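Note that the protein sequences, when read in sequence, are chains A and B. In this text, residue positions in the first sequence follow the numbering used here: the first is 557, and each later residue adds one. In this text, residue positions in the second sequence follow the numbering used here: the first is 55, and each later residue adds one. Note that beta-carbon positions come from the ideal geometry of N, C-alpha and C, so glycine has one too. For clarity, every value in this text was computed on a predicted model and none was experimentally measured. Quick notes on the structure that follows.
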Amino acid sequence: KNEVEQSPQNLTAQEGEFITINCSYSVGISALHWLQQHPGGGIVSLFMLSSGKKKHGRLIATINIQEKHSSLHITASHPRDSAVYICAVPLRGATNKLIFGTGTLLAVQP
Amino acid sequence: GAVVSQHPSWVICKSGTSVKIECRSLDFQATTMFWYRQFPKQSLMLMATSNEGSKATYEQGVEKDKFLINHASLTLSTLTVTSAHPEDSSFYICSARAERHYNEQFFGPGTRLTVL
């Protein structure tokens, strides 16, 4: 069993839809990262959060430490949001090293 | 935010040659940088942790003589793929830990290496 699991693996949405991507992890963590990887490969760090909720523009990330679960929400989705979304948590005992989920491939259709 | 750059963004080389990839933190100092590789449709795999002024720490299974890492300054780490072979073709990504940003890691745009 992977220590970091994401769902769904693939997601297709229509422009304007509200999108949710989930991440569950099995290790105790200090913080969780949400990353975005566009076709072509570049990675952008979206959020690092250790509790509660963070919002940036149309993106919202929440985390429930007790349930070891985080969600990434995209409101009013747009085709430019199409990318792979990856959650990552620090490796147990090595806060600098990240374990990555397998990613969620999002395609937003116009 | 904190910006990390990589150079080159892509490189094609012949088998047997060496290739150097640079990772720079542009507006912050990073005592720790990380090098990852990513194969198509797979997740990132940590290769090594680069520490300024000291030797890099390699993950199990990563050949340190094959992937030379130098972190000579607080804003620059380099990865040299020595005697490259086609199986080294991959996407290489670096990240830098920004102490002034609560130790968050910021990722570079990646370097696509193709070895012919």
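Where Asn566/A is concerned, the enclosing beta strand (DSSP E) starts and stops at Asn566 to Gln570.
For the segment 127 to 160 of chain B, residues whose beta-carbon sits nearer than 9 Å to a beta-carbon of chain A comprise Phe145, Ile147, Ser149, Arg151, His155, Tyr156, Asn157, Glu158, Gln159 and Phe160. Against chain B, the beta carbon of Phe656/A has neighbours under 7 Å at Ser97 and Leu98, listed in chain order. C-alpha of Ala639/A to C-alpha of Leu661/A: approximately 6 Å in a straight line.
Ranked by Cα distance from Met99/B, the first of Ala644/A, Val600/A and His594/A is Ala644/A.
In this structure, DSSP gives Arg151/B an extended state, which the three-state scheme calls strand. Neighbours of Arg166/B in chain A, taken as residues at a C-beta separation under 8 Å, are given in chain order as Gly597. In its chain, beyond the 5 residues on either side, Ala632 and Ser633 have a beta carbon closer than 7 Å to the beta carbon of Gly572/A. Taking the beta carbon of Ser580/A as reference, no residue of chain B falls within 8 Å; the closest one sits roughly 15 Å away. By the rule that beta-carbons nearer than 8 Å mark a contact, Pro94/B does not touch chain A. Taking CB atoms only, Ser633/A has no neighbour in chain B less than 8 Å away.
Interface residue (Cβ-Cβ distance to chain B less than 8 Å): Gly659/A is classified as such. Listed along the chain, the chain B residues whose CB falls inside 9 Å of the CB of Lys653/A are Phe88, Leu100, Thr103 and Glu113. Shown here, Arg636/A sits in a helix according to DSSP, grouped into three states. Here the segment 143 to 150 of chain B makes contact with the segment 58 to 70 of chain B; the two share three or more CB pairs at distances below 8 Å. For Glu623/A, no beta strand (DSSP E) segment is defined, and its DSSP state is neither H nor E. Taking a Cβ-Cβ threshold of 9 Å, none of the residues of chain A is close to Pro62/B; the smallest such distance is about 13 Å.
No Cβ of chain B is located within less than 8 Å of the beta carbon of Ser607/A. Pro140/B sits in a helix when the DSSP states are folded into three classes. In the DSSP secondary-structure assignment, Ile577/A is bridged to Leu628/A. Within the model, the alpha-carbon separation for His594/A versus His612/A is close to 18 Å.
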